Amino acid sequence: MTDTVLALDGIDVSYGSTPILRNIDLSIEAGETVGIMGRNGVGKTTLMKTVIGLLSPTEGTVTYQGEDVTDLPANRRARLGMGYIPQGRDVFPDLTVHQNVRMGRSISDHKSENLVDRVYEYFPRLDERRGQKAGTVSGGEQQMLAIGRALAGNPDLLLFDEPSEGIQPSIVQQITADIGRMSEELGVTVLFVEQNLRVIRELAERCYVIDNGRIETELGATDLEDEEAVANYLAV
Ligand SMILES: Nc1ncnc2c1ncn2[C@@H]1O[C@H](COP(=O)(O)OP(=O)(O)O)[C@@H](O)[C@H]1O
Ligand SMILES: [Mg+2]
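Residue numbering for the sequence shown follows our numbering, beginning at 147 and increasing consecutively.
This is the structure:
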């Protein structure tokens with residue numbers, strides 16, 4: 147008996163009358179780290195927004211920890227334990243780093259200070275910048291903050307949309323390692339979108355390839371070892 151955290155069954159999503167995602171089926175087991183890759187504009191962000199509940203599918207169901215959440219809005223899904231780190235980070239620029247972290251904690255029922263402490267334990271750079279306005283810290287630090295804000299909500303599932311985008315390589319390495327550590331130490335299940343080959347190959351246990359709004363193929367651990375083959379899926 148497997149322990150499925152997230153399942154999408156026959157998901158279609160449109161913007162207005164334009165169909166974007168077609169017949170998406172995927173399933174993530176507890177503790178897994180699964181990637182979603184694909185070129186620009188194929189529907190990756192649309193898929194992540196559908197998982198967290200910012201977009202509603204026209205067909206299909208989203209099941210989270212055995213519960214049909216298809217009709218639940220994003221804030222309800224967050225309370226059930228989904229943490230979302232949007233593409234482009236989207237921190238509150240005029241609030242301090244610490245206020246941003248506390249915003250994340252407010253969705254959790256626990257409200258424990260430990261959750262906030264844990265964020266600073268994972269991201270000491272945020273600790274140093276607690277009192278600074280979030281809009282004034284570096285792109286990498288804003289990404290850490292977006293992750294920290296989600297982590298403060300005590301998630302069971304973390305959803306990352308291109309965490310490496312627009313961030314300098316040394317910080318990408320750091321953030322990749324931090325995501326791996328969260329998965330290992332906290333047992334958080336991870337679903338992430340990426341176009342960065344190194345991040346995909348370092349983190350993903352398996353990976354769905356999306357093209358033109360459909361799941362084109364699924365790559366297992368052995369497939370992911372072949373760097374060139376994986377790179378071909380991202381080639382324009
Ligand atoms: N709000 C929107 N309204 C209409 N079309 C959109 C909207 N957002 C994205 N799209 C279109 O949907 C397609 C998929 O976009 P997106 O999911 O952002 O792709 P990806 O994240 O893979 O780059 C693209 O063709 C994009 O132009
Ligand atoms: Mg995107």
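Where a beta carbon is used, it is the ideal one built from N, C-alpha and C, also for glycine. A quick note: this is a predicted structure, and the numbers were derived from the prediction, not measured.
- With contacts defined by Cβ atoms closer than 8 Å, Gly294 and Leu272 form a contacting pair.
- In terms of Cα proximity to Thr179, the closest of Asn342, Thr363, Gly359 and Leu305 is Leu305.
- Within its own chain, the residues whose Cβ lies closer than 6 Å to the Cβ of Val318, once the five positions on either side in sequence are excluded, are Ser310, listed in chain order.
- In this structure Leu152 is in contact with Leu303, their Cβ atoms being roughly 6 Å apart against a cut-off of 8 Å.
- Straight across, the Cα-Cα distance linking Phe269 with Leu349 is about 19 Å.
- Assigned with DSSP and collapsed to three states, Asn300 falls in coil, not helix or strand.
- As computed with DSSP, Phe338 is found in a beta bridge with Gly181 and Phe306.
- Rounded to whole angstroms, the separation of the alpha carbons of Val334 and Leu241 is 27 Å.
- Of all residues, those with a beta-carbon under 5 Å from at least one heavy atom of ligand 1 are Tyr161, Ile166, Asn186, Gly187, Val188, Gly189, Lys190, Thr191 and Thr192, reported in chain order.
- Distance check between Arg225 and each of Gln211, Gly234, Arg235 and Asp236 places Gln211 closest, using alpha-carbon atoms only.
- Relative to ligand 2, Glu308 has its C-beta within less than 7 Å of a heavy atom.
- Beta-carbon to beta-carbon, Thr368 and Val355 are separated by about 15 Å, too far to satisfy the 8 Å threshold.
- Distance from the C-beta of Gln289 to the nearest heavy atom of ligand 2 is not below 7 Å.
- Comparing alpha carbon positions, the residue from Thr192, Val265 and Asp214 closest to Met183 is Thr192.
- Separation of Glu371 and Cys353 (C-alpha to C-alpha, rounded to the nearest whole angstrom) is 12 Å.
- In this structure the segment 229 to 243 does not touch the segment 205 to 219; the number of beta carbon pairs closer than 8 Å is below three.
- Of the residues assessed, Glu287 falls on the buried side of the cut-off, its CB having 16 or more other CB atoms within 10 angstroms.
- Annotation for Arg352: no alpha helix (DSSP H) segment contains it, though the beta strand (DSSP E) segment containing it runs Arg352 to Asp357.
- Remark: the shortest separation between the CB of Gln211 and any heavy atom of ligand 2 does not fall under 7 Å.
- Taking non-hydrogen atoms of ligand 2 into account, the C-beta of Gln233 is found less than 7 Å away from one of them.
- Per DSSP, the unbroken alpha helix (DSSP H) holding Thr322 starts and ends at Pro315 to Leu332.
- When DSSP reads this structure, Ala153 sits in a beta bridge with Ser173 and Thr209.
- By the C-beta density criterion, Gln314 is exposed, having fewer than 16 other C-beta atoms within 10 angstroms.
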